[in-house]
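Residue numbers (the working numbering), protein chains in the order written: chain X, 94 to 356; chain V, 2 to 316.
Here's the structure we're looking at; comments come further down.
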Amino acid sequence: MLPKRFMKFFLKIMEYRFLFEELVKRDFKKKYKRTVLGMGWSMLMPLLTLLVMKLVFEQFFGRKMDHYTTYLFCGNLLFSWFSESTNHGMMSLYSNSGIFTKVNLPKYLFLLAGSIQTLINFALTLLVFFLFCWLDNVHFTWKFVFLLYPIFTLMFFNIGIGLILSACFIFFRDIDYLWRVFLMLLMYGSAIFYAIDGFSPKMQLVFACNPVYRHIAYFREIVLGGTVPSLEAHLVLAGVAALAVMIGAFIYCKNNTKFLYYV
Amino acid sequence: MSDKKMMLACYDVSIRYKVGDFKNIGLKEWVIRRLTGRYKVVDFWANRNISFSINEGDMLGIIGTNGAGKSTILKAVSGIMVPTQGRIVCNGKVSALLELASGFDADLTVKENAYLRGAMLGYTRKFMDKTYPYIIEFSELAAFEDRPFKQLSSGMKSRLAFAIASLVKPEILILDEVLAVGDGAFRAKSEAKMREIIKGGTTTILVSHTVAQIRSMCNKVLWMEKGRQIVFTDDVEGACDCYEEYLKNRSIPPKYDPVAARARIAARVAEKERKAAAARKLVEDAEKMNKVREILRQSKVILSNETVGDLKGVR
Chain X
94 MLPKRFMKFF LKIMEYRFLF EELVKRDFKK KYKRTVLGMG WSMLMPLLTL LVMKLVFEQF
154 FGRKMDHYTT YLFCGNLLFS WFSESTNHGM MSLYSNSGIF TKVNLPKYLF LLAGSIQTLI
214 NFALTLLVFF LFCWLDNVHF TWKFVFLLYP IFTLMFFNIG IGLILSACFI FFRDIDYLWR
274 VFLMLLMYGS AIFYAIDGFS PKMQLVFACN PVYRHIAYFR EIVLGGTVPS LEAHLVLAGV
334 AALAVMIGAF IYCKNNTKFL YYV
Chain V
2 MSDKKMMLAC YDVSIRYKVG DFKNIGLKEW VIRRLTGRYK VVDFWANRNI SFSINEGDML
62 GIIGTNGAGK STILKAVSGI MVPTQGRIVC NGKVSALLEL ASGFDADLTV KENAYLRGAM
122 LGYTRKFMDK TYPYIIEFSE LAAFEDRPFK QLSSGMKSRL AFAIASLVKP EILILDEVLA
182 VGDGAFRAKS EAKMREIIKG GTTTILVSHT VAQIRSMCNK VLWMEKGRQI VFTDDVEGAC
242 DCYEEYLKNR SIPPKYDPVA ARARIAARVA EKERKAAAAR KLVEDAEKMN KVREILRQSK
302 VILSNETVGD LKGVR
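This is the structure we're talking about:
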């Protein structure tokens, strides 16, 4: 039954490819049309956060650590992608309510089109990240290819969370405040600027339950440790991504015709 | 009639809305209201037991006062809503134009919006590339092609929307208050275009408050009032007549009475003929008068000539 569903899903995507492309184009145009620097601005944000964090935290946490800038950037890179993607995704359904209440089309297209934009944004920041790695004298190995894996799973995780949030936002408009608070908590709980070695084993287990932290840890293990993470890490990343997407898809299927009563 | 392919049918369709304070309240408020038992949601039937069917090439007009449930049934037909009860059978690609000017993006240009709308209606890029020049030509927006949409007047927006929807070729076209847009010249043009589409075999549903439009364009009519179906018939004249009668006198219950309608129509036709005859008679009388006047004038001239001659003779 599942493969059949997937087939149906892909056929639908193919059917609506033109719309998908137009939506992606629209998102790009709306965001970058009237700015001179265009995408440069959106890359500036993570870089500025990085700068501030480095200035503030290096004295406290960076003393005992080599490559602290790269360590920070790993966390910032993935976390800013996650937060941008979920924030963007949350609004994707509501901001297109003028369309889906008038025309019958698959509603997840809006989210997918939006996530293309954040993905490209992330890719550009990733290039800057590699530049910083090089400046920080990080040793590049063939194992860097494995970085594609957490990028891939985090993309799906973002989409899944985006699906859930965008549906919730239709029903409850104050979700975005709650989510912002939660994101702040998550930022401090994802060990972006500190290491978790000093914590008790119990606390370390709590960190292990944080999917965003797991992605960051995977990244660091390759970039700074030069080793490929365990099979368990791979399975966990794939598992949480699949779970998020499945929950999101379920909510969308269940409420497909109910969304329009709430806008 | 039965040899034509059935395109769309609603069987006993009812649609229930939820109304009440569940919208826009947010999670915190929702929890509090749930706990204090002040959370109220009321069911509201927007449509009750609507049944109709249309065949290939038909043009169905839907009439009814505001809040009759016309837009709701169209939403169900186009698949945006799912009927709470009943069944809708649809044998073709539906292209719906509900509340036209909305759904466009204010920041995009006319061209980008045209493509986006085309994509929403389910067409391919190739098709849009081919059709786009016609769309711009028909909507008379060539000078505005690269302007952002927010700079356009609402009439222009509707013109573009109509052009996109009518130039692409859907199997079933739904028009909700579309023809009421644009200035007089564009309205005539869009009506002509609609006639062309119907001749081309496209099945169309038209919602309009202009009864004359329904009379002149539709071959079937569905009259709804307060979510209920008053009548579905191919006696367009009769139903429109009863509807207009109801509009004039809202205290009587809306009712379709074909006999009375026919009588009224016959009376109106007779009245028209009587007036025409009277007018004809007036014209004839005027002509006679003119002739008399002419004769009188001529005789006067002769008379005056004679008088002149007489005067000369006297000299």
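Positions of the beta carbon are idealized from the N, C-alpha and C atoms, including for glycine.
Does any residue of chain X have a CB that is nearer than 8 Å to the CB of L28(V)? yes
Closest to L330(X) by C-alpha separation, out of A342(X), I263(X), F249(X), would be which residue?
F249(X)
Q) Across which residues does DSSP place W46(V) in a beta bridge pair? A) R17(V)
(request) Identify which residue in I285(X), N349(X), D290(X) has its Cα closest to the Cα of V305(X). (result) I285(X)
_Where the alpha helix (DSSP H) containing R266(X) begins and where it ends_ = Here R266(X) belongs to no alpha helix (DSSP H), and DSSP marks it neither H nor E.
Nearest neighbour of Y1(V), chosen from R88(V), V78(V), S79(V) [CA to CA]: The question about residue 1(V) has no answer here: the residues shown for chain V are numbered 2 through 316.
Can you list, in chain order, the residues of the region 236-259 of chain V whose Cβ is nearer than 8 Å to any Cβ on chain X?
none
Notebook entry, point to check: So, helix, strand or coil for L176(V), using DSSP?
Noted result: strand
Own chain partners of Q1(V) with C-beta closer than 6 Å, once the 5 adjacent residues on each side are dropped
This structure does not reach residue 1(V), given that chain V is present from 2 up to 316, and the question cannot be answered.
message: Mapping the DSSP letters down to three states, classify F286(X) as helix, strand or coil.
response: coil
Inset, instruction - Note down, in chain order, each residue of its chain lying with its Cβ closer than 7 Å to the Cβ of L116(X), except the 5 sequence neighbours on either side. - result: L202, F203, A206
Worksheet item: For the 8 Å Cβ check, are there 3 or more pairs between the region 166-186 of chain X and the region 247-264 of chain X?
Response: yes
- Quick one: list the residues of chain X neighbouring R319(V), beta-carbon separation under 9 Å, in chain order. Look at the range of chain V in this structure, 2 to 316, and you will see that residue 319(V) is not part of it.
Original post:
Are the region 136-150 of chain V and the region 103-123 of chain V in contact at 8 Å, needing three or more beta carbon pairs?
Top reply: yes
query: Roughly how many whole angstroms lie between the Cα atoms of L165(X) and L143(X)?
result: 7 Å
- Query: Is DSSP giving P149(V) helix, strand or coil here?
  - Reply: strand
Note to self: Using 8 Å for Cβ pairs, my map puts S252(X) next to S208(X). What's the rounded Cβ distance?
What the structure shows: For clarity, residue 252(X) is Ile in the given sequence; the question names Ser instead. Confirmed, Cβ separation roughly 6 Å.
(message) Quick check: the region 158-176 of chain V against the region 112-121 of chain V, are at least 3 beta-carbon pairs closer than 8 Å?
(response) yes
* To do: Establish whether the CB of M2(V) and some CB of chain X are separated by less than 8 Å.
  => Confidence at M2(V) is low in this model, with a pLDDT of 46, below 50, so its placement is unreliable and the value that follows should be read with caution. By this cut-off, M2(V) is not an interface position.
query = Is the number of C-beta pairs between the region 151-165 of chain X and the region 186-199 of chain X that are closer than 8 Å three or more?
reply = no
request  = Under 7 Å between beta-carbons, which chain X residues line up against G80(V)? List them in chain order, please.
outcome  = N197
In whole angstroms, give me the CA-to-CA distance for M7(V) and L137(X). 59 Å
Legend entry - the region 317-325 of chain X contacting the region 253-260 of chain X, beta-carbon criterion three pairs below 8 Å: no
Next item on the list: In the DSSP assignment, find the beta strand (DSSP E) that holds A61(V) and state where it starts and stops.
Entry: Here the sequence assigns Leu to residue 61(V), which means Ala is not the residue at that position. From DSSP, the beta strand (DSSP E) with L61(V) extends over 60-64.
* To do: Would you check if there are 3 or more beta carbon pairs closer than 8 Å linking the region 31-41 of chain V to the region 194-205 of chain V?
  => no
Check your understanding: Out of curiosity, what's the CA-to-CA distance linking E319(V) and Y187(X)?
Key -> Residue 319(V) lies beyond the stretch modelled for chain V, which goes from 2 to 316, so this question has no answer here.
| Beta-ladder partner(s) of S54(V), from DSSP | A10(V)
Limits of the unbroken beta strand (DSSP E) element including M225(V) | 221-226
- Listed by chain order, chain X residues near M218(V) by CB distance under 7 Å: Under the 7 Å cutoff, chain X gives no residues; its nearest Cβ is about 23 Å from M218(V).
Exercise. Quick one: measure Cβ to Cβ for L28(V) and I268(X), integer angstroms, because I've assumed they're closer than 8 Å.
Key: 6 Å
Check your understanding: From T204(V) to I344(X), what does the alpha carbon distance come to, in whole angstroms?
Key -> 35 Å
Compare the C-beta of K151(V) against all C-beta atoms of chain X and say whether one is closer than 8 Å. no
Checklist entry - Below 8 Å, can you find three or more Cβ-Cβ pairs linking the region 259-276 of chain X to the region 285-301 of chain X? => result no
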